[in-house]
Amino acid sequence: MMTFLCSYIKQLPGNISVSKDKFGNLYVIKGEAETYPCLVSHIDQVSHCNHSKDFKAVETREVIFGYSPKHKRFENLGADDKNGVFICLECLKRYDPMKVVFFREEETGCRGSSEAVMSFFDDVRFVIQPDRKGNSDLITNIG
Numbered sequence: 534m535m536t537f538l539c540s541y542i543k544q545l546p547g548n549i550s551v552s553k554d555k556f557g558n559l560y561v562i563k564g565e566a567e568t569y570p571c572l573v574s575h576i577d578q579v580s581h582c583n584h585s586k587d588f589k590a591v592e593t594r595e596v597i598f599g600y601s602p603k604h605k606r607f608e609n610l611g612a613d614d615k616n617g618v619f620i621c622l623e624c625l626k627r628y629d630p631m632k633v634v635f636f637r638e639e640e641t642g643c644r645g646s647s648e649a650v651m652s653f654f655d656d657v658r659f660v661i662q663p664d665r666k667g668n669s670d671l672i673t674n675i676g
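Given below as structure tokens:
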């Protein structure tokens with residue numbers, strides 16, 4: 534996932550810098566400003582992906598699914614909880630300036646955000662973390 538994110542972000546237009554901390558969290562700054570809006574997301578997932586060797590991601594007009602032809606079964610795409618990642622990437626494409634952080638190992642006790650470089654947020658006006666609870670909503674508040 535980190536390889537994909539770095540490659541994707543670096544091809545976006547604009548003045549973008551990408552860095553990692555010692556834990557492997559990814560920090561992105563787009564544009565220059567006195568203060569920034571900031572989005573954060575986690576890149577890990579709840580379910581485990583033990584794909585078969587012949588695993589294929591199959592794309593139709595309406596859906597993408599994982600499938601093993603040998604075992605004749607559907608398999609996890611590894612796309613659980615990537616809604617926040619998608620929203621962060623879309624905002625990076627559309628808005629300037631902005632900051633984004635992609636945290637590792639959040640589903641195992643907020644380990645990535647616990648290792649965050651807090652000085653990255655010194656010039657941040659607000660932080661939004663888009664995420665989902667279950668499979669039919671988008672979390673927009675706390676409490």
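According to the working numbering, the sequence shown is numbered sequentially starting from 534. We put the beta carbon where it would ideally sit given N, CA and C, even for glycine.
Residue interval of the alpha helix (DSSP H) (run including residue i)
i: K690; result: Any question about residue 690 goes unanswered here, given that the chain covers just 534 to 676.
i: S646; result: R644 to S647
i: L619; result: Checking the displayed sequence, the identity of residue 619 turns out to be Phe instead of Leu. N616 to R627 is the extent of the alpha helix (DSSP H) around F619.
Environment of residue i [buried if 16+ CB atoms lie within 10 Å]
i: N548; result: exposed
i: C643; result: exposed
i: F619; result: exposed
i: V660; result: exposed
6 Å Cβ shell around residue i - same chain, five flanking residues per side excluded
i: E648; result: F556
i: C621; result: L572, S574 and V633
i: P602; result: D587
i: K553; result: L559
i: S550; result: I562
i: H604; result: S585
CB contact flag (residue i, residue j, <8 Å)
i: M720; j: K563; result: Within the shown structure, residues of the chain are numbered from 534 to 676, placing residue 720 beyond reach of any answer.
i: F654; j: C571; result: yes
i: K615; j: L545; result: no
i: I576; j: R637; result: yes
Residues near residue i in its chain [Cβ-Cβ closer than 8 Å; skip 5 each side]
i: D656; result: A566, E567, T568 and Y569
i: C624; result: L572, M631 and V633
i: C539; result: V551 and L559
Element boundaries [beta strand (DSSP E), containing residue i]
i: F659; result: V657 to I661
i: V573; result: Y569 to H575
i: R594; result: Where R594 is concerned, there is no enclosing beta strand (DSSP E), given that its DSSP letter is neither H nor E.
i: M631; result: M631 to F636
i: V650; result: Note, V650: premise wrong, no beta strand (DSSP E); not H, not E.
i: E608; result: R606 to E608
i: S585; result: Segment: none, S585 is in no beta strand (DSSP E) and carries neither H nor E.
i: K553; result: I549 to K553
i: K563; result: L559 to K563
Neighbourhood of residue i by C-beta, 7 Å cutoff - its chain only, sequence neighbours within 5 removed
i: D629; result: G547, K563 and G564
i: I608; result: The question names Ile, but residue 608 in the sequence shown is Glu. Taken in chain order, the residues that qualify are H584, S585, F588, G599, Y600 and S601.
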